[in-house]
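Quick note: the sequence shown uses our numbering, first residue 65, plus one each step. Here's the structure we're looking at; comments come further down.
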Amino acid sequence: METEKVNKTEANTNVGKSNTEKQLTKKAISLETFVVLGCVLLLFGYLGKVMGLDIVFSVMMKTGHDVLMNTSFYIMAVAILAGALAAILSEFGVVALVNKLVSRVMRPLFGLPGASALGAVTTYTSDNPAILSLAADEGFNRYFTKAEKATYANLGTTFGMGLIVTAYMLSLGREYFSAVLIGNIAAIVGGIVSVRLMLYFAKKHYKEDRKYRIDESSVEGLNIRKIRRGSMFERLMSSMMDGAKSGVQLGLSCASGTVLICTMVMILTFGPAGDSGEYLGVAYEGVQLLPRIGEYFLPISNLLWGFDVPELLAFPFTALGAVGSAMGLTSGFIDAGFASARTVATFTGMGICLSGFLSTHMGMLDTLKQNHFAKQAILCHLAGGAVAGCVANYLYLLLI
65 METEKVNKTE
75 ANTNVGKSNT
85 EKQLTKKAIS
95 LETFVVLGCV
105 LLLFGYLGKV
115 MGLDIVFSVM
125 MKTGHDVLMN
135 TSFYIMAVAI
145 LAGALAAILS
155 EFGVVALVNK
165 LVSRVMRPLF
175 GLPGASALGA
185 VTTYTSDNPA
195 ILSLAADEGF
205 NRYFTKAEKA
215 TYANLGTTFG
225 MGLIVTAYML
235 SLGREYFSAV
245 LIGNIAAIVG
255 GIVSVRLMLY
265 FAKKHYKEDR
275 KYRIDESSVE
285 GLNIRKIRRG
295 SMFERLMSSM
305 MDGAKSGVQL
315 GLSCASGTVL
325 ICTMVMILTF
335 GPAGDSGEYL
345 GVAYEGVQLL
355 PRIGEYFLPI
365 SNLLWGFDVP
375 ELLAFPFTAL
385 GAVGSAMGLT
395 SGFIDAGFAS
405 ARTVATFTGM
415 GICLSGFLST
425 HMGMLDTLKQ
435 NHFAKQAILC
445 HLAGGAVAGC
455 VANYLYLLLI
C-alpha cells in the first residue's frame with residue numbers, strides 16, 4: 065500500500081512537472097525567432113551603415129565600460145550610503161516619527177488612511193516593491209478598504225527610489241539643491257494624481273461608496289517598531305551595516321540595466337566625436353536617432369517639461385523602465401550643456417514618480433493578486449509621471 069501511495073505521488077508530481085513544462089516550452093524555432101533575428105540584424109545593420117561595424121563594437125565596449133566604472137559604481141556608492149542612513153533612521157525611530165507627522169495629511173492628499181504614510185516612507189528609503197512586505201502584514205492591511213488596497217502598487221512606485229534619486233541629484237552640485245527639493249514636491253503631486261485616479265477606478269470596479277473608509281482610531285500595529293538586539297552602539301553598527309548591504313544589492317541590481325540601457329541610449333542619442341564629423345570609436349559616440357525622432361515631440365515636451373533639445377526626452381523614456389539608468393544620463397546631459405537646474409528639477413520629479421514602474425508594476429500587481437487592474441494602474445501612473453514633470457518645470461519657473 066505504501067509503495068502504491070509513493071508511486072501515485074510520484075505520478076502526480078510528474079504530471080505537475082509535465083504541465084509546467086508545457087506552459088514554459090515552445091517550438092525550438094517559431095515566428096518570434098525570425099522576428100527577433102530580423103530586429104537584431106536591422107539594428108546592427110543600421111548602426112553599421114552609419115558608423116561602420118568595427119566602430120559600433122568599439123563604441124559599445126568603451127561606453128559600457130565607462131558607464132560601469134563611472135556611473136554604476138557611483139550609483140552603488142550612493143545606494144550604500146543612503147541605505148545605511150535609512151536603516152539607522154528606521155532602527156532608532158526617526159522613520160516612525162516622520163510616519164506620525166506625515167500620516168495626518170495622507171487622507172486629504174491621497175485619499176488613503178494614515179497608515180499609508182508608512183508605505184510612503186518605507187518605499188522612499190528603499191524601492192517600489194518594499195510596499196509588498198507591508199501589504200502582506202495584516203496589521204497594516206486592516207486599515208485599507210478593498211478599493212484602497214488596489215492603490216498599493218501606485219503608492220509604492222510614487223515614492224520608490226526617492227532617497228536614492230535625491231541623493232544622486234544632490235551629488236551633482238550644490239547649485240541643484242533647490243531644484244531637487246522642487247522635484248520631490250512635484251513627485252508627490254504626480255503621485256497624488258496617480259493614486260487618486262487609481263482609487264477612482266478601483267471604487268468604481270468594486271462598487272464601493274466614495275466616502276466609505278475603515279475606522280483608524282486603533283493603531284496599535286503602527287505604535288511599535290522592531291529593533292535589533294544589543295546595546296545602542298551595537299544596534300547602530302548592525303543597522304548601518306545591514307543598510308549598506310542592502311545598498312550593495314540595490315546597486316548590483318541596477319548595474320546590469322544601467323550599463324545595457326545607458327549604452328544603447330547613448331549610442332542612439334549622441335553623435336560623432338570627431339571635429340569634422342567623423343567617428344573615432346571612442347565612448348559616447350552615436351547615430352543621433354533619438355534626437356531626430358524627439359524633434360517631432362519637442363513642442364509638446366518643451367511646453368510641459370521645459371525640454372528645449374530632443375536629447376532630453378531620453379530621460380523620461382528610460383525612467384519608465386529603469387530610473388537608475390535614467391540617473392546615469394543626467395551628468396552626461398549636464399556636461400554636454402543640454403541640462404540646467406530647471407531640467408534637474410524636472411528629472412527629479414519624473415525620476416522619483418516614475419521610478420522604472422514598467423519593470424516592477426506587473427510583478428507587484430501579480431503579487432498583490434490585482435492583475436485585473438494592470439491597464440488602469442499603468443495608465444494612471446503614466447499620467448502621474450507626466451504631471452510630476454510638468455509641476456516641477458513650472459514650479460521652478462515660479463519660485464526660482
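Positions of the beta carbon are idealized from the N, C-alpha and C atoms, including for glycine.
Residue i, enclosing alpha helix (DSSP H) - first and last residue
i, result
"residue 379", "378-383"
"residue 355", "353-358"
"residue 320", "296-333"
"residue 414", "405-418"
"residue 235", "226-235"
"residue 192", "Segment: none, residue 192 is in no alpha helix (DSSP H) and carries neither H nor E."
"residue 440", "438-463"
"residue 164", "158-174"
"residue 370", "Note, residue 370: premise wrong, no alpha helix (DSSP H); not H, not E."
"residue 278", "Where residue 278 is concerned, there is no enclosing alpha helix (DSSP H), given that its DSSP letter is neither H nor E."
"residue 267", "241-270"
"residue 102", "95-115"
"residue 348", "Unbroken run through residue 348: none, as it is neither H nor E."
"residue 391", "387-399"
"residue 465", "For residue 465 there is no data in the structure shown, the boundaries of the chain being 65 and 464."
"residue 40", "In the structure displayed, the chain extends from 65 to 464; residue 40 sits before or after that span and is not available."
"residue 218", "216-223"
Member of the options whose CA lies at the smallest distance from the CA of residue i
i, options, result
"residue 186", "321, 440, 289 and 298", "289"
"residue 148", "301, 99 and 191", "301"
"residue 427", "176, 217, 268 and 138", "217"
"residue 138", "349, 314, 440 and 355", "314"
"residue 108", "99, 97 and 120", "120"
"residue 454", "166, 421, 418 and 367", "367"
"residue 125", "346, 403, 180 and 414", "346"
"residue 294", "155, 460, 103 and 398", "155"
"residue 328", "440, 179, 390 and 206", "390"
"residue 257", "458, 464, 460 and 445", "445"
"residue 406", "106, 244 and 180", "244"
"residue 365", "422, 381, 272 and 196", "381"
"residue 112", "253, 350, 234 and 188", "350"
"residue 373", "165, 334, 181 and 385", "334"
"residue 353", "369, 363, 344 and 336", "336"
"residue 261", "457, 456 and 439", "439"
"residue 189", "410, 308 and 169", "308"
"residue 383", "370, 410 and 102", "410"
"residue 348", "204, 434 and 331", "331"
"residue 274", "164, 441, 110 and 171", "171"
"residue 460", "272, 355 and 248", "248"
"residue 304", "153, 98, 447 and 276", "153"
"residue 287", "160, 101 and 424", "160"
"residue 436", "94, 270, 325 and 89", "270"
"residue 457", "162, 101, 254 and 88", "254"
"residue 326", "385, 296, 441 and 278", "385"
"residue 118", "100, 344 and 99", "344"
"residue 526", "318, 421, 462 and 434", "Coverage of the chain is limited to positions 65 through 464, which leaves residue 526 absent and any answer about it impossible."
"residue 259", "180, 99 and 157", "180"
Nearest-angstrom beta carbon gap, residue j and residue i [assumed within contact, 8 Å]
i, j, result
"residue 311", "residue 146", "6 Å"
"residue 306", "residue 151", "5 Å"
"residue 464", "residue 236", "About 16 Å; that fails the 8 Å criterion."
"residue 220", "residue 192", "5 Å"
"residue 198", "residue 183", "5 Å"
"residue 104", "residue 323", "Actually they do not touch by this definition, with Cβ atoms about 18 Å apart."
"residue 361", "residue 376", "No, residue 361 and residue 376 are not in contact; Cβ-Cβ is about 11 Å, not under 8 Å."
"residue 251", "residue 222", "7 Å"
"residue 408", "residue 240", "5 Å"
"residue 448", "residue 388", "That pair is no contact at about 20 Å."
"residue 468", "residue 133", "One cannot answer for residue 468 here, as it falls past the ends of the chain, which runs 65 to 464."
"residue 431", "residue 165", "Not really, about 29 Å apart at Cβ, beyond 8 Å."
"residue 278", "residue 207", "6 Å"
Cβ-heavy atom distance, residue i to the ligand ATP, below 6 Å
i, result
"residue 415", "The ligand ATP is absent from the structure shown, which contains no ligands of any kind."
Counting Cβ pairs, one atom from each stretch, are 3 or more of them under 8 Å apart for the segment 394-408 and the segment 217-230?
Touching, no, given that fewer than three Cβ pairs across the two stretches are closer than 8 Å.
Kindly confirm or deny that the segment 400-420 and the segment 440-454 touch, where touching means at least three C-beta pairs closer than 8 Å.
Yes: the two stretches touch, three or more of their Cβ pairs being nearer than 8 Å.
Just checking, does the segment 262-274 make contact with the segment 201-221 on the three C-beta pairs under 8 Å criterion?
With the cut-off at 8 Å, the segment 262-274 and the segment 201-221 touch.
Counting Cβ pairs, one atom from each stretch, are 3 or more of them under 8 Å apart for the segment 337-345 and the segment 395-412?
They do not touch, by the three-pair rule.
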